[in-house]
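For the sequence shown, the working numbering assigns the number 1 to the initial residue and increments by one for each residue that follows. Backbone N, C-alpha and C define an ideal beta-carbon position, used for all residues, glycine too. Quick caveat, the model's predicted, so the values are computed rather than measured. Contents: one structure, followed by commentary.
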Amino acid sequence: MGICASNEATEKGPPPPADNGGSRPPSFSSPKDRSQHSPPSNNPSMTNDFSLVPPNSAQEDPPVPPSRPHNGGGPKDMETDGPAIEREKNINIHGRVRQQRGQNIFAQKIDLTENFETPRFPKSDTAIQFIDNSLVDNFIFASLSSKERRLLIDAMVMETVPAGTVIIKQGDIGDFFYVVDEGHVSFAVDGNHVGACGRGGSFGELALLYNCPRAATCLANTTCRLWKVDQRTFRYMLANNNASQQKDIHDVLRKVPFLSQLDEQNLLRISDALTSVTFPEGERIINKGDVGEVFYILREGKVKVHDIGFGDSQYVDQELGPGDWFGERALLTGDARSANITAITNCTTLCLSRETFEKILGPLQGLIDMAAKKRTLEGVPIFAHSQFQPFEMARLTELLVERSFPAGSILAEEGKPFEPNLYIIREGRINISSSNGQINTLMDADYFGDSWLKEELGSPSPFTITVQNDTECGVLTRRNIESVIGNINRLGRPLMMMSATLNKSIKYKDLVKFRILGVGTFGKVWLVSHKKTGVPYALKQLSKREIIGHHQVDGVIREKNIMASIEHPFVVNLVSTFQDDRHLYMLIELVQGGELFSVIHTETRDGIPNGNSRFYAACILESLSHLHYRSICYRDLKPENILIDAKGYCVLVDLGFAKVVTDKTYTLCGTPEYLAPEIILSKGHDKGVDYWAFGVLIYEMLVGRSPFYSYGTDQVSLFKRIVQVKYSFPPGGMVSEPAQDLIQRLIVRRQANRYGCLARGDMDVRDHYWFNVIDVEKLLMKQIPAPWVPRIRDPMDASHFDSYRHVENEPPSNKPHLTPQQQALFKDF
């Protein structure tokens, strides 16, 4: 099937989810809320770190100016219905939208192997309670547990400053968060007074998340006593505490008999889905005879297990403490409870219902069976010696299907063509014979076919394989193996070096620069061509000094390695890499249609029609899924990082923040409007942040702005809205009900409940009824007409990109050359 822009009547599905960060978003109160556009500010730092939080104050959203034209339905020539597909379109980027988006932000990485100890400064009980009360209304600290808040308070140190002291200077890079214990502090922007706070007020919280320029000058009007804490302490404290809690929970789950067989990824997902519930002393937690629905891990306190057993099978009462668990069979059988369990003291438990478990992981018995199949497959020597990636072994395990063969069946006949498959006998008996008289009988737990997997398809069978008794086998076909690993010759061989996929025949001296296509934090992207072949490319030129200065050496090398390992029609292809004394270079395929951003935001409208948005979203979903299957978290999804190719299809570019994440990572990075709550709150994150950003992107395509931004929003208010999931849909049907439903399932505060993070992974998103008119196979083969096909005049056409003529002739840097030690940092590039 193709794509249709106006057949929402055919899209039917379940009612929208209840969990959307607390409630379903209300509608906009007025049309003016539909615009994010305003004249560019004379003070760009105003979006960075300007938060003045007096005690018990509420921050109101600033007024919103009248909207530019919004195009919820889009002009007719942008629709995908019928033959009228626009083939040519002049794109004039509305610069104000791009300015307001702001640049990427990133913090220095956290090394959990570092032996960091959170400092502790003694305080009176009164001071502790005062600081705690001062933090309670701040969105960054509201999500902390009582233990985390106490660790933070213990780490805060007192500083006394005399009247007239500039505590923070506008434009400086911030590193401390402050709580006013005594005194009065005023705030000024560009010399103009904008606010003040006294005892109990706080300021500078964004400095705890990343190194951002201060948006205001903070002046002590009187002698002030300030409690302060630095970014490094805050981030390491949270990361270490989260990692420690995760390990404690993981260790408990490993002890539960039928959970011990699950792999690390599934245990992590269980851990993320646990909910904290408290029980006061004397409360009955479980009643004997009730149907079991919930599994408990005891975090704090003690419980009594009593009246154990039925009939004559009575057992002695037991007492459980922190680290113990109970009710585990609820996840497996739902049998009646066999005992009463009562809280001896006030207790804190971590709970998981069977319903939640099956939503995020599927039925437990299926997981146990899959874990057993994976261990069996990993035990077959040719697979054990192949050094496949974890995602590849997981997918191969899924494709190992169970088949029944009745007695007398012939699986292969000597001398006749056969399809080589791997067979693992679960139960039964099979004879393998040949004309030379060789006979081999295989039974339960034996396997065969592994030595033939590399044979050409259609080759004559060297044996006759006969089923002697009714037999159950696990079967993994050669075709399915190739669908996962690509080259069948990888079987039994070590992992191929990723650099082997690059074209080392192209040298930097073979390239000619023409013009700049884009400018980023670390350098420029040039349009180049090969001198001899004339083939055009994009050349990403990165300053080594800037990379070192931003502590991103590991990130750039990681980007190169990930790009070299990826091959997908909707992910940009890395051709080769070079370096010299000052720069790193990545030669990548040229995608000439410009940014998706330029399609969404033009001089005449913001937003694109439903069918067009769906087409682009489907392309992006396939690229994200390809990365996620390889345990790669992208972390910078936004329209600016999606280019349009010559056929009008999306190509994901700029993998600078991409990272292989097998558990969780704690580095804050990305574009502010697209950050998920768990990134902002430093709770640790994984691929779930990409599904959040995917929901934000769909919203921006349809509405013309991101869901959490409105005119004049400072960054603290933006982050607060994101963490609280405060957004709404415009009235009047601008966003169809199916699209709203999908967005609400993606933009969900708790990652464990977010689409893409449940048992079916990306299939939940792909199968959503908003996408029910998308034929994925045709999409991947680029057989669906795109909503807009850029006009490419010649192989060097760069007309769909902004002009950067003003920076093309910048003089070379006169900064000193890097030292040999600094150059050595890039030896693996």
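Close beta carbons around residue i, own chain, < 8 Å, minus the five adjacent residues each side
| i | result |
| --- | --- |
| His583 | Gly523, Gln541, Leu542, Ser543, Lys544 |
| Gln468 | Ala407, Gly428, Arg429, Ile430, Asn431, Thr441 |
| Ile620 | Phe570, Leu637, Ile642, Cys650, Leu652, Phe694, Leu697 |
| Leu274 | Ile249, Ile297, Leu350, Cys351, Leu352 |
| Gly534 | Pro795 |
Residues near residue i by beta carbon distance below 6 Å, same chain, minus five either side
| i | result |
| --- | --- |
| Glu159 | Leu226, Lys228 |
| Ile308 | Tyr315, Ala339 |
| Gly684 | Asn242, Lys664, Tyr666 |
| Phe801 | Leu517, Gly594 |
| Leu135 | Phe141 |
| Val484 | Glu392, Arg395, Leu396 |
Beta-carbon proximity of residue i to residue j, cut-off 7 Å
| i | j | result |
| --- | --- | --- |
| Ser625 | Asp741 | no |
| Ile465 | Ala412 | yes |
| Val179 | Ser202 | yes |
| Arg337 | Ile285 | no |
| Thr223 | Ala163 | yes |
| Gly607 | Val696 | no |
| Ser461 | Glu398 | no |
| Tyr537 | Leu502 | no |
| Ser728 | Phe391 | no |
| Asp794 | Gln592 | no |
| Pro738 | Tyr699 | no |
| Arg512 | Lys531 | Reading off the sequence shown, one finds Val at residue 512, where the question assumed Arg. Cβ atoms of Val512 and Lys531: closer than 7 Å. |
| Phe116 | Tyr236 | yes |
| Ser434 | Phe405 | no |
Closest by C-alpha distance to residue i, when choosing among the options
| i | options | result |
| --- | --- | --- |
| Ile430 | Phe597, Pro162, Phe448 | Phe448 |
| Lys647 | Leu780, Lys531, Ala658, Ala676 | Leu780 |
| Gln129 | Asn115, Val807, Ser146 | Ser146 |
| Gly323 | Asp580, Ser459, Cys347 | Cys347 |
| Arg403 | Ala394, Asp450, Lys416, Asp470 | Asp470 |
| Val575 | Glu589, His568, Asp797 | Glu589 |
| Ser710 | Arg721, Phe418, Gly282 | Arg721 |
| Ser271 | Arg490, Ser260, Glu283, Leu253 | Leu253 |
| Ser623 | Lys454, Lys109, Arg766, Gly198 | Arg766 |
| Val256 | Arg375, Ile747, Pro707, Phe326 | Phe326 |
| Ala676 | Lys726, Glu472, Ile644 | Lys726 |
| Leu144 | Tyr585, Val776, Glu678, Val789 | Glu678 |
| Val401 | Asn421, Ile410, Pro417, Lys416 | Asn421 |
| His806 | Val553, Phe826, Val519 | Val519 |
| Glu546 | Leu274, Asp172, Lys815 | Lys815 |
| Thr376 | Ala239, Tyr423, Thr342, Gly321 | Tyr423 |
| Leu825 | Phe771, Val661, Gly555, Gly656 | Gly555 |
Under the three-state DSSP convention, the category residue i falls into
| i | result |
| --- | --- |
| Cys619 | helix |
| Thr521 | coil |
| Val64 | Note that Val64 scores 32 on pLDDT, short of 50, meaning its location in the model is unreliable and no value can be drawn from it. |
| Ile110 | coil |
| Val748 | coil |
| Tyr709 | coil |
| Asn48 | Here Asn48 scores only 33 on pLDDT, less than 50, and its place in the model is too uncertain to base an answer on. |
| Met734 | coil |
| Met158 | strand |
| Arg426 | strand |
| Ile698 | helix |
| Ala84 | Residue placement at Ala84 cannot be trusted, given a pLDDT of 33 that sits under 50; the coordinates are not used to answer. |
| Arg760 | coil |
| Arg442 | Here the sequence assigns Leu to residue 442, which means Arg is not the residue at that position. Here Leu442 sits in strand by DSSP. |
| Thr477 | strand |
Sequence-distant residues of its chain with Cβ nearer than 7 Å to residue i (five each side left out)
| i | result |
| --- | --- |
| Ala207 | Asp49, Gly174, Asp175, Phe176, Phe177, Gln231 |
| His817 | Asp581 |
| Trp452 | Pro420 |
| His193 | Ser186 |
| Ile743 | Gly695, Ile698, Tyr699 |
Minimum Cβ-Cβ distance from residue i to chain D less than 7 Å
| i | result |
| --- | --- |
| Glu182 | Annotation note: the requested chain D is absent from the structure, which comprises a single protein chain. |
* **Given 8 Å, three or more beta-carbon pairs between the segment 342-359 and the segment 290-297** => yes
* Asked: Can at least three beta-carbon pairs, one atom from the segment 366-376 and one from the segment 315-326, be found at a separation below 8 Å?
  -> A contact between stretches requires three or more CB pairs, one per stretch, nearer than 8 Å, and the segment 366-376 fails this requirement with the segment 315-326.
* Hey, is the segment 753-760 in contact with the segment 689-696, meaning 3+ C-beta pairs nearer than 8 Å? -> The count of Cβ pairs closer than 8 Å, one atom from the segment 753-760 and one from the segment 689-696, reaches three, so the stretches are in contact.
* Asked: Is the number of C-beta pairs between the segment 643-660 and the segment 565-572 that are closer than 8 Å three or more?
  -> yes
* Are there three or more Cβ pairs, one per stretch, closer than 8 Å when the segment 136-155 is compared with the segment 107-123? -> They touch, by the three-pair rule.
* Asked: Are the segment 780-795 and the segment 379-394 touching by the rule of at least three beta carbon pairs closer than 8 Å?
  -> no
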